[in-house]
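Be aware that the sequence shown starts at 65, since it is given in our numbering, and climbs by one per residue.
Here is the structure we will look at, set down as structure tokens.
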Amino acid sequence: MTACASSDSDLIAQLRQKADNGDVTAQYQMGLLFYNGRGVTLDLSQAAQWFTQAAEQNHGEAQFNLGVLYEYGQGVEADPTQALYWYMLAAQQSVEQSAEALNALLPTLDLEQQSQALEKVAQFNAKHNLSVSIQQEITEPPPNPHSPTEPTEPIQNQQNH
Numbered sequence: 065m066t067a068c069a070s071s072d073s074d075l076i077a078q079l080r081q082k083a084d085n086g087d088v089t090a091q092y093q094m095g096l097l098f099y100n101g102r103g104v105t106l107d108l109s110q111a112a113q114w115f116t117q118a119a120e121q122n123h124g125e126a127q128f129n130l131g132v133l134y135e136y137g138q139g140v141e142a143d144p145t146q147a148l149y150w151y152m153l154a155a156q157q158s159v160e161q162s163a164e165a166l167n168a169l170l171p172t173l174d175l176e177q178q179s180q181a182l183e184k185v186a187q188f189n190a191k192h193n194l195s196v197s198i199q200q201e202i203t204e205p206p207p208n209p210h211s212p213t214e215p216t217e218p219i220q221n222q223q224n225h
């Protein structure tokens with residue numbers, strides 16, 4: 065039984081190292097470990113921190129889980145605007161549960177809270193899309209200026225008299 069516990073702690077240490085190095089999947093998995101108390105002491109504050117790191121890298125499930133934590137004040141101070149923000153981002157990633165969460169939360173928020181969340185989503189998307197755009201520009205070859213986008217031969221008008 066101690067060999068298994070030792071093996072688990074080794075695996076968690078390896079996962080933690082990957083998460084510390086920015087691996088988004090490892091960050092999400094660390095969040096799950098702390099959220100469920102598997103192999104570590106249950107700690108919702110730690111879960112929120114790991115989910116935040118993954119969510120900021122556009123991990124949909126982490127975004128949804130953060131929404132839950134903010135909606136119910138688990139490991140973080142309850143903040144329905146933050147919950148809405150994370151649920152909206154998760155919905156963009158097609159996380160199934162997010163639509164139901166949005167439908168339940170939206171009617172409880174006033175227009176200002178909804179606007180604040182929408183503005184944050186727009187900022188997140190602008191930042192994320194700019195990052196993706198720059199990365200594509202660096203990795204994709206430039207378009208060939210000689211490739212035709214319009215017909216290269218003139219079109220003859222035929223007039224029948």
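Think of the CB as a built atom: it goes at the ideal place given N, C-alpha and C, for glycine as much as any other residue.
- Outcome for Q187 when other beta-carbon atoms lying within 10 angstroms are tallied against a minimum of 16: exposed
- 6 Å Cβ shell around Q228 - same chain, five flanking residues per side excluded: For residue 228 there is no data in the structure shown, the boundaries of the chain being 65 and 225.
- Cβ pair K184, Y149 closer than 8 Å: yes
- Query: Do L170 and Q178 have their CB atoms nearer than 8 Å?
  - Reply: yes
- Item | Host alpha helix (DSSP H) of L129 (start-end) | For the record, residue 129 in the displayed sequence is Asn; it is not Leu. Per DSSP, N129 belongs to the alpha helix (DSSP H) from G124 to Y136.
- heavy atom of the ligand ZN below 7 Å from A112 C-beta: In terms of ligand content, the structure shown is empty, and the ligand ZN therefore cannot be addressed.
- Message: Suppose contacts are defined by Cβ-Cβ distances below 8 Å. Is Y92 in contact with F128 by that definition?
- Response: no
- With 16 as the cutoff for other CB atoms within 10 Å, does Y134 come out buried or exposed? buried
- Query: Among N85, S73, G95 and P144, which one has its Cα closest to the Cα of D174?
  - Reply: Closest in alpha carbon position to D174, among N85, S73, G95 and P144, is P144.
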